[in-house]
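Report on the structure given below.
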Amino acid sequence: MPFYNYYRVIRVRRRIFQSLIVLFVLGNAVHIGLSFIGANNRQRKSLSLNDVEYDPVLPYRYPEEVDIRIVVITFNRASSLEKLLESLDKLELDGDTGYLEIWIDRKDDGSGDGKPGGRINLDTLKVARTFSWSRGRTRVHVHKKNVGICGQWLDTWRPRAGTRELALLLEDDVIVSPFAYRWLKAVHRKYGFRSDVAGYTLQSEQVNQANGSGALVRPKDQVAFLYKLIGSWGFAPHPGSWLAFQDWYHRVRRQGRFRPYVARASLITKWYRMFEAKQLQETMWTMWHVYYSDKYDLFTVYNNIQAVTNSADILLSVNRMEPGLHFQRKRSDSSEKLLRVWSPDYVKFPDSLLAYDFDGSLATKHSA
Numbered sequence: 001m002p003f004y005n006y007y008r009v010i011r012v013r014r015r016i017f018q019s020l021i022v023l024f025v026l027g028n029a030v031h032i033g034l035s036f037i038g039a040n041n042r043q044r045k046s047l048s049l050n051d052v053e054y055d056p057v058l059p060y061r062y063p064e065e066v067d068i069r070i071v072v073i074t075f076n077r078a079s080s081l082e083k084l085l086e087s088l089d090k091l092e093l094d095g096d097t098g099y100l101e102i103w104i105d106r107k108d109d110g111s112g113d114g115k116p117g118g119r120i121n122l123d124t125l126k127v128a129r130t131f132s133w134s135r136g137r138t139r140v141h142v143h144k145k146n147v148g149i150c151g152q153w154l155d156t157w158r159p160r161a162g163t164r165e166l167a168l169l170l171e172d173d174v175i176v177s178p179f180a181y182r183w184l185k186a187v188h189r190k191y192g193f194r195s196d197v198a199g200y201t202l203q204s205e206q207v208n209q210a211n212g213s214g215a216l217v218r219p220k221d222q223v224a225f226l227y228k229l230i231g232s233w234g235f236a237p238h239p240g241s242w243l244a245f246q247d248w249y250h251r252v253r254r255q256g257r258f259r260p261y262v263a264r265a266s267l268i269t270k271w272y273r274m275f276e277a278k279q280l281q282e283t284m285w286t287m288w289h290v291y292y293s294d295k296y297d298l299f300t301v302y303n304n305i306q307a308v309t310n311s312a313d314i315l316l317s318v319n320r321m322e323p324g325l326h327f328q329r330k331r332s333d334s335s336e337k338l339l340r341v342w343s344p345d346y347v348k349f350p351d352s353l354l355a356y357d358f359d360g361s362l363a364t365k366h367s368a
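Going by UniProt numbering, the first residue of the sequence shown is number 1, and it counts up by one from there.
Structure representation (structure tokens):
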């Protein structure tokens with residue numbers, strides 16, 4: 001073969017090789033670009049069953065609207081999460097639409113730099129990913145960094161203005177009655193128009209006065225009542241109130257050293273100060289809601305079914321008091337007392353509700 005022909009063959013082969021390299025690089029660049037676009041559009045598209053979202057933008061607004069959105073917040077209690085999910089699988093939606101959103105926090109790596117990172121509890125992730133809710137679609141969200149209990153509660157449901165959607169926020173140590181949503185839907189329909197309602201709680205155990213004077217004395221002839229202190233063992237925020245609360249909370253947190261002390265809620269404030277002394281105040285998100293409710297004169301609607309029926313086996317939610325942030329060891333709970341049989345009498349709400357202040361006294365201005 002003449003030398004010039006040999007040289008031409010070498011040049012052709014070299015060009016082919018270079019072209020293949022360019023195609024490979026471009027192909028990977030397109031793949032990376034599409035992955036980046038997909039990650040940023042993940043919030044707006046409808047995810048497939050048990051898909052996992054690793055980089056949610058907070059506060060989080062979901063792409064669709066449903067009748068009830070169950071928001072489960074968890075960290076490293078896989079067995080506890082499983083028990084909650086089992087109870088949710090029995091939830092009666094009465095033909096309404098629902099989504100189950102499971103939010104998993106990461107371990108604080110202790111750096112304090114606010115950058116993404118922190119370990120994920122793989123057992124908890126496995127329980128979340130393998131669960132398929134029989135009542136609607138399931139989505140799993142993993143925070144890109146540790147957000148703590150405040151971030152878990154305050155940034156995992158951002159309602160739209162004027163929405164018809166309700167959200168039930170649950171920590172993983174709570175279980176609910178099959179009729180929890182039936183009660184929530186009815187109570188919101190009855191009192192959702194009120195400007196003094198912060199939300200609705202399933203909690204009816206350990207409802208105490210916020211000044212430390214003992215148990216709240218509840219009405220004996222009403223299946224619901226208003227109380228200025230939030231009940232977090234299954235809380236469904238009023239969408240309009242929650243939207244305003246989120247805006248206020250993030251605004252004051254940006255201001256730095258604001259402290260949400262409430263003198264009239266002396267026991268709650270005492271607990272918060274104790275947490276501050278141990279640098280654990282971020283584990284008590286409810287203090288911020290207590291302050292906000294006091295500032296804007298808001299109340300939570302409590303169910304009072306147990307008191308009115310004089311029956312112990314009638315709870316809409318139970319805190320199983322698993323070891324974690326607030327309980328060092330497992331305590332006995334009332335799981336066997338969950339409401340299992342429904343009666344229309346449980347939602348025969350009065351037009352006027354009795355309202356109670358932090359100290360258990362009657363707030364006459366709101367008892368109407």
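We treat Cβ as the ideally placed atom computed from N, Cα and C, and that holds for glycine.
- Beta-bridge pairing by DSSP links A236 to Y200.
- Between V176 and L100, the beta carbon gap of about 12 Å keeps them out of contact (Cβ cut-off 8 Å).
- The three-state reading of DSSP puts S317 in strand, counting E and B together.
- Contact between the region 215–233 and the region 246–261 is absent, with fewer than three C-beta pairs closer than 8 Å.
- Here T74 is near I102, since their CB atoms are less than 8 Å apart.
- For the set V262, D333 and E86, the Cα lying nearest the Cα of S132 is the one of E86.
- Within the same chain, Cβ atoms closer than 7 Å to the Cβ of L84 are found at V72, L170, D172, V174 and I175, the five residues on either side in sequence being excluded.
- Within the region 219–306, the runs of alpha helix (DSSP H) at least 4 residues long that lie entirely inside it are, in chain order, 239–254, 266–277 and 286–296.
- The C-beta of N319 has 16 or more other C-beta atoms within 10 Å across all chains shown, which makes the residue buried.
- When DSSP assignments are scanned along the region 62–119, the uninterrupted stretches of beta strand (DSSP E) that are 3 or more residues long and fall wholly within it turn out to be 68–74 and 98–104.
- DSSP links A215 through a beta bridge to N208.
- Nearest to P56 by alpha-carbon distance, out of V127, H143 and D123, is H143.
- Under the three-state reduction of DSSP, H188 is assigned to helix.
- Residue pairing by DSSP places L168 opposite I70 in a beta bridge.
- For the set L339, W271, F275 and K107, the Cα lying nearest the Cα of S311 is the one of L339.
- Collapsing the DSSP output to three states places R137 in a strand.
- Out of M274, Y60 and R257, the CA that lies nearest to the CA of T156 is found in Y60.
- The shortest CA-to-CA distance from R164 to any of D351, V308, V66 and S317 is the one to V66.
- Here the C-alpha atom of G118 lies approximately 31 Å from the C-alpha atom of P239.
- For the set D345, I314, K348 and T138, the Cα lying nearest the Cα of K337 is the one of I314.
- Counting of Cβ neighbours within 10 angstroms places L122 among the exposed residues, the total staying below 16.
- For the pair P237 and A198, the CB atoms are nearer than the 8 Å cut-off.
- Bridge partners of L362 according to DSSP: Y356.
- In this structure, P350 is the residue among D94, Y62 and P350 with its C-alpha nearest to the C-alpha of F225.
- Comparing alpha-carbon positions, the option among P344, V207 and Q306 lying closest to A186 turns out to be P344.
- In the structure shown, V147 falls within a coil segment according to DSSP collapsed to helix, strand and coil.
- Closest in C-alpha terms to Y291, from the list W248, G95 and A363, comes W248.
- Take M284, set aside five residues on each side of it, and the residues of its chain with a beta-carbon closer than 6 Å to its own are Y272 and F275, in chain order.
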